[in-house]
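Asks:
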Ligand SMILES: O=C(CO)[C@@H](O)[C@H](O)COP(=O)(O)O
């Protein structure tokens, strides 16, 4: 039996989470509003430091701008940075609801995850495509969310790594066997062509960057993505 995370009381899963990494920053507010106007309730913020990943994106100032653009949205803040513990307070002040750290970036991930929860935020752990699930086994009882990277982190618009599907299926099986309720997120290369199979694997949150922000007709794209996830999760039930 699947245990329900408390966030199920507020959000319908599976959900699409647009990643603002792919947004047009000359009009970030309008970009975010084009998603929330279509019913999107989760916004994914990809923070990159140029050390943990070979690219620099943005920091707390943009997360804070996203918060002002979407006061009601759930701000899912994915830290692809070294020493994440140093920046928790800055992202909390910026308005993050959930902070995800990378298992590979923090030798004290257990302590950092508990520090996030002690701030009253939700805590997530992410793993790269080359990182086995066994590396986070001991962290699973501590987290609200596991983010399975389906591309090597650092850039939007990359091809989906298919081995992420059996990885999600194994993680969903562990969740059942361990009696845990963490949410499962996939990040990278998701779109209309694979949203259904991703949802069918047991994914709760499907991060979509270029698929959403690359679409001229934002509403139509979000509706199609949502439809695909519903079909996939219905098969699951
Ligand atoms: O986080 C990353 C890369 O590190 C990206 O995967 C984006 O969050 C999603 O972008 P698309 O792959 O959907 O363009």
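In the working numbering, the protein residues as written are 2 to 238. We treat Cβ as the ideally placed atom computed from N, Cα and C, and that holds for glycine.
Would you mind working out which of 207, 202 and 77 sits nearest residue 193, comparing C-alpha positions?
Replies: Answer by Cα proximity: 207.
Asks: Could you name the residues that DSSP lists as bridge partners for residue 20?
Replies: Partner(s): 45.
Asks: Confirm the yes/no value for this check: CB of residue 190, any heavy atom of ligand 2, distance under 6 angstroms.
Replies: In the structure shown, ligand 2 is absent; the only ligands present are ligand 1.
Asks: Taking the beta strand (DSSP E) that residue 213 belongs to, which residues open and close that run?
Replies: Element bounds for residue 213: not the beta strand (DSSP E) but the alpha helix (DSSP H), 211-214.
Asks: Note down the Cα distance separating residue 134 from residue 174, rounded to an integer number of angstroms.
Replies: If I take the Cα positions, the gap works out to 12 angstroms.
Asks: In three-state terms, what does DSSP make of residue 66?
Replies: Reduced to three states, the DSSP call for residue 66 is helix.
Asks: Of the choices 10, 210 and 43, whose alpha-carbon is the least far from that of residue 151?
Replies: Comparing Cα positions, the closest option is 210.
Asks: Go to residue 200, then tell me how far its alpha helix (DSSP H) extends in each direction, as first and last residue.
Replies: Here the alpha helix (DSSP H) through residue 200 covers 196-201.
Asks: In the structure shown, what three-state DSSP assignment does residue 128 receive?
Replies: Residue state, collapsed to three classes: strand.
Asks: Three-state secondary structure (DSSP) at residue 135?
Replies: Three-state result, residue 135: helix.
Asks: Taking C-alpha atoms, which residue in 13, 6, 129 and 4 lies nearest to residue 235?
Replies: That would be 13, whose Cα lies nearest to the Cα of residue 235.
Asks: Is it true that the CB of residue 130 sits closer than 7 angstroms to the CB of residue 153?
Replies: It is a contact, given that the beta carbons lie within the stated cut-off.
Asks: DSSP has residue 32 in a bridge; who is on the other side?
Replies: Partner(s): none; residue 32 has no beta bridge.
Asks: How is residue 103 classed by DSSP in three states: helix, strand or coil?
Replies: Strand at residue 103.
Asks: Here's the rule: buried if 16 or more other CB atoms are within 10 angstroms of the residue's CB, otherwise exposed. What is residue 79?
Replies: Per the 10 Å Cβ criterion, buried.
Asks: Would the region 222-233 and the region 20-33 be scored as touching if the rule is three or more Cβ pairs under 8 angstroms?
Replies: Result no; under three Cβ-Cβ pairs closer than 8 angstroms.
Asks: Go to residue 243, then tell me how far its alpha helix (DSSP H) extends in each direction, as first and last residue.
Replies: Residue 243 is absent from the structure shown; the chain starts at 2 and stops at 238.
Asks: So, is residue 41 buried or exposed, given that buried needs 16 or more other C-beta atoms within 10 angstroms?
Replies: With 16 or more other Cβ atoms within 10 Å, it is buried.
Asks: Could you check what DSSP says for residue 4 in three-state terms: helix, strand or coil?
Replies: Note: residue 4 maps to coil in three-state DSSP.
Asks: Rounded to whole angstroms, what is the Cα-Cα separation between residue 195 and residue 112?
Replies: Approximately 35 angstroms, taken between the alpha carbons.
Asks: Tell me, please, whether the region 135-142 touches the region 96-111 by the rule of three or more beta-carbon pairs shorter than 8 angstroms.
Replies: Yes, the region 135-142 is in contact with the region 96-111.
Asks: Mind reading off the beta-carbon distance from residue 169 to residue 204? Whole number of angstroms is fine, and I expect it under 8 angstroms.
Replies: Confirmed, about 6 angstroms.
Asks: Determine which residues share a DSSP beta bridge with residue 147 and list them.
Replies: DSSP lists 126 and 185 as partners of residue 147.
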